[in-house]
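A.B. asks:
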Amino acid sequence: MTTQFSWTKQWYPIIPLSYLDVLNPTPVTLLGKKLVIWRDKNLKWIVMDDVCPHKLVRLSMGTITEDGNLMCRHHGWCFNGEGKCTKIPMLAGSQAEVTACDSLRSRVTTYPTQVIQELLWVWPDDSSTAFEDCNSKQPATIPESELDISSTSWQMTEVPVGYIVSVESTFDPSHAEFLHEGIGLFSPKTAVPMEYFESVGEISAQEGFTLKHQGYNLFNKDMEAIRKFTPPCSNTTIYRYSNGKTNIFQLYFVPTQPGYCRYIGKSSSDESSVKRNFWFEILPKDLQTGLQHLSTYQLSDQDLSAMHSQEVNQSSLDKKWQRAYFMPSASDLGIITFRKWLDEFAGGSPSWQGCIEDSVKQLSDEQLYDRWHRHTKYCPSCRNSLVFLEKVQTFGNICIIIFALLTLVLISMGVHLSLVLISSIIAVLSCFLSYKSNEIKQLFLSSIPNGGLPLVKLYGENVKK
């Protein structure tokens with residue numbers, strides 16, 4: 006093994022800018038290391054260890070001061086964008102404060118960052134040469150093309166399955182017709198064997214590999230696809246169709262901690278935009294985005310179900326992947342190529358910092374299909390949608406009480422029946438509004454239904470399981 010891949014000396018897209026709060030610190034985990042993101046007085050995004058050197062409390066619990074420093078919530082210690090301690094309230098104004106602030110023991114480790122294509126990138130190496138070393142590489146961004154990559158927004162989720170199965174899945178396109186049956190045009194009936202799937206050029210530690218393949222169903226069988234894996238976590242896929250249309254999918258699989266992976270992705274197309282819906286457009290912008298995000302959960306739940314079962318089964322076997330998997334078809338080449346890169350150059354798995362990868366444990370449905378921890382708590386649009394729906398539900402409940410009482414008063418007063426009917430209809434509509442708001446709120450929290458049997462519906466009634 007002549008060339009080794011360093012997991013820490015790499016650029017990682019840690020979060021879309023649209024998911025960051027400029028007024029409050031944001032906690033993240035990368036390669037098992039707890040980090041905090043915040044913006045300093047120079048409007049620069051800072052990434053540092055999420056630990057105060059005083060008593061090891063998380064700095065992400067703190068606040069950003071008016072002078073642009075990060076203050077620890079525990080005892081008020083403050084730190085600037087270089088990680089230097091600038092204030093210790095219990096030593097305020099003394100020579101002891103100056104001495105303590107100048108000590109290396111009061112310094113917090115910071116990491117190189119940059120903003121490209123509306124993503125915050127971090128170089129998670131804590132060596133003394135990190136800020137020099139990071140200049141030797143460029144992040145794996147979306148390649149230049151004729152498509153407008155800014156026309157769509159980044160979406161981020163953090164799923165309870167690991168980095169390896171996540172990347173495997175993204176280089177395994179043929180699963181879509183079977184695992185995602187009933188969504189869009191996916192169906193086993195339209196699947197076609199992938200006869201052409203090959204690796205192009207060399208596989209290397211730093212540049213990764215490139216794959217080319219044909220389509221995998223009746224609708225895209227004449228398509229030509231290129232999938233480029235750029236270490237540590239980028240999959241750039243370009244679909245070119247026989248009618249001249251092009252799609253670009255940019256996906257990042259960020260290894261946060263053992264058993265978890267952060268997905269950041271977007272797609273761009275030269276196809277004409279979908280016809281807008283007037284009633285949908287009059288909704289608040291955040292709710293529009295939130296409802297669009299909700300529409301992706303069925304597909305991702307199907308992926309999670311398969312990948313989690315794969316991880317659980319594989320962890321119970323005392324076999325390497327070559328003996329555990331049986332992959333006789335050409336469509337398996339993407340999985341094999343990624344696994345070979347991982348084994349040959351990267352030690353077989355991510356290099357976790359300060360934590361150990363245990364055997365995979367079976368998750369309950371509540372854990373596996375939880376939406377709050379997977380996406381909603383990170384996404385400003387989905388969080389705002391929850392707040393809006395809560396207000397709508399409260400408004401509906403108030404209207405129920407008011408118009409129900411009004412109806413009774415009108416009846417007792419012998420008022421004309423038409424007024425009683427109007428008041429009753431408004432009360433009924435308010436009941437529906439309150440009920441529907443609560444039902445949609447639940448969709449942002451879990452895939453498990455709020456009523457009836459607590460079973461996740463992965464497939465429609467007309468799809469055989």
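Following my numbering, the residues of the sequence shown are numbered contiguously, the last one being 470. Glycine residues also receive a C-beta, built at the ideal position from the N, C-alpha and C atoms. Keep in mind the model is a prediction, meaning the values are calculated, not measured.
For residue 120, which option in 370, 344, 48, 326 has the closest C-alpha, if you only look at C-alpha atoms?
C.D. replies: Comparing Cα positions, the closest option is 48.
A.B. asks: Does the separation of the CB atoms of residue 37 and residue 360 fall below 8 Å?
C.D. replies: Going by C-beta atoms, residue 37 is nearer than 8 Å to residue 360.
A.B. asks: Leaving out five residues on either side along the sequence, give the residues of the same chain with a beta carbon under 7 Å from the beta carbon of residue 50.
C.D. replies: So the list reads 42, 44, 118, 120, 125, once near-sequence residues are dropped.
A.B. asks: Taking the alpha carbon of residue 465 as the reference point, which residue from 191, 424, 449, 200 has its own alpha carbon closest?
C.D. replies: Comparing Cα positions, the closest option is 191.
A.B. asks: Could you pull the DSSP bridge partners for residue 196 from this structure?
C.D. replies: Bridge partners of residue 196: 222.
A.B. asks: Note down, one range per segment and in chain order, each beta strand (DSSP E) of at least 3 residues found wholly within the stretch 197-277.
C.D. replies: Runs of the beta strand (DSSP E) inside the stretch 197-277: 202-209, 213-219, 229-235, 239-245, 251-262, 265-274.
A.B. asks: State the start and end residues of the unbroken beta strand (DSSP E) segment that holds residue 119.
C.D. replies: From DSSP, the beta strand (DSSP E) with residue 119 extends over 118-121.
A.B. asks: When the distance is taken between beta carbons, is residue 258 closer than 8 Å to residue 376?
C.D. replies: Contact flag unset, no.
A.B. asks: Near residue 193, which residues of its chain fall below 8 Å by C-beta distance, leaving aside the five closest residues on each side in sequence?
C.D. replies: Cβ neighbours of residue 193 beyond the five flanking positions: 182, 183, 186.
A.B. asks: Using the C-alpha atoms, what's the distance from residue 431 back to residue 440?
C.D. replies: Roughly 14 Å separates the two Cα atoms.
A.B. asks: In the DSSP assignment, what are the bridge partners of residue 50?
C.D. replies: Answer is 44, bridged to residue 50.
A.B. asks: Shortest alpha-carbon distance to residue 233 belongs to which of 222, 250, 205?
C.D. replies: Nearest of 222, 250, 205 to residue 233, Cα basis: 205.
A.B. asks: Residue range of the beta strand (DSSP E) that residue 160 falls in?
C.D. replies: Here the beta strand (DSSP E) through residue 160 covers 160-164.
A.B. asks: Do you know offhand how far residue 247's Cα is from residue 228's?
C.D. replies: Computed Cα separation, rounded: 6 Å.
A.B. asks: With a threshold of 8 Å on Cβ separation, who are the neighbours of residue 315 within its own chain once the five nearest residues in sequence on each side are excluded?
C.D. replies: The residues are 170.
A.B. asks: Which value, in whole angstroms, describes the spacing of the CA atoms of residue 470 and residue 462?
C.D. replies: Confidence at residue 470 is low in this model, with a pLDDT of 46, below 50, so its placement is unreliable and the value that follows should be read with caution. Approximately 11 Å between the Cα atoms of the pair.
A.B. asks: Would you be able to state if there are at least three C-beta pairs under 8 Å between the stretch 317-332 and the stretch 153-163?
C.D. replies: No, the stretch 153-163 does not touch the stretch 317-332.
A.B. asks: Near residue 55, what residues of its chain come up, given a Cβ to Cβ distance below 7 Å and the 5 sequence neighbours on each side ignored?
C.D. replies: Taken in chain order, the residues that qualify are 32, 39, 40, 41, 63, 64, 65.
A.B. asks: Kindly indicate which residue of 61, 23, 167 has the alpha-carbon position closest to the one of residue 365.
C.D. replies: Closest option to residue 365, Cα to Cα, is 167.
A.B. asks: Please determine, among 58, 61, 71, 16, the residue with the shortest C-alpha to C-alpha distance to residue 28.
C.D. replies: It is 71 whose Cα lies nearest to the Cα of residue 28.
A.B. asks: Looking only at DSSP bridge pairs, what is residue 90 linked to?
C.D. replies: Bridge partners of residue 90: 84.
A.B. asks: What number of angstroms, rounded off, separates the C-alpha of residue 341 from the C-alpha of residue 106?
C.D. replies: Cα to Cα, the separation comes out at about 52 Å.
A.B. asks: For the stretch 379-393 against the stretch 417-434, are there 3 or more C-beta pairs whose distance is under 8 Å?
C.D. replies: These segments do not touch.
A.B. asks: What are the partner residues of residue 375, as DSSP defines its beta bridges?
C.D. replies: Per DSSP, 451.
A.B. asks: Please go through the same chain and pick out, in chain order, the residues whose beta-carbon is closer than 6 Å to the beta-carbon of residue 317, but skip the five residues on each side of it.
C.D. replies: If we look at residue 317 and ignore the five residues flanking it on each side, its Cβ neighbours are 365, 367.
A.B. asks: Going by C-alpha to C-alpha distance, which of 354, 94, 101 sits closest to residue 82?
C.D. replies: With distances taken between Cα atoms, residue 82 lies closest to 94.
A.B. asks: Tell me which residues share the same chain as residue 242 and place their Cβ nearer than 6 Å to its Cβ, disregarding the 5 neighbours each side in the sequence.
C.D. replies: Closer than 6 Å at the Cβ level, and outside the excluded window around residue 242, lie 232, 254.
A.B. asks: In angstroms with no decimal places, state the Cα-to-Cα distance between residue 313 and residue 363.
C.D. replies: Using only the alpha carbons, I get a separation of about 15 Å.
A.B. asks: Less than 6 Å between C-beta atoms, sequence neighbours within five positions excluded: which residues of the same chain meet that for residue 6?
C.D. replies: Caution is warranted here: a pLDDT of 40 is assigned to residue 6, below 50, making its placement in the model unreliable, and no coordinate value can be reported.
A.B. asks: Taking only the alpha-carbon atoms, compute the straight-line gap between residue 251 and residue 355 and give it to the nearest angstrom.
C.D. replies: When rounded, the distance between both Cα atoms is 33 Å.
A.B. asks: Does DSSP classify residue 146 as helix, strand or coil?
C.D. replies: Of the three classes helix, strand and coil, the one that applies to residue 146 here is coil, per DSSP.
A.B. asks: Using CA coordinates, which residue listed in 215, 221, 295 is at the minimum distance from residue 239?
C.D. replies: Looking at the Cα atoms, 215 is the closest of the given residues.
A.B. asks: Rank 12, 23, 131, 380 by C-alpha distance to the C-alpha of residue 305 and give the top, closest one.
C.D. replies: The candidate whose alpha carbon is nearest that of residue 305 is 380.
A.B. asks: Based on Cα-Cα distance, which residue from 353, 189, 209, 201 lies nearest to residue 224?
C.D. replies: Here the closest residue by C-alpha is 189.
A.B. asks: Between the Cα of residue 175 and those of 268, 104, 89, 135, spot the shortest distance and give me the residue it belongs to.
C.D. replies: The residue with the shortest Cα to Cα distance from residue 175 is 268.
A.B. asks: Which of helix, strand or coil does DSSP assign to residue 7?
C.D. replies: Any answer about residue 7 is weak, because its pLDDT of 43 lies below 50 and its placement is not dependable; what the coordinates show is given next. Three-state result, residue 7: coil.
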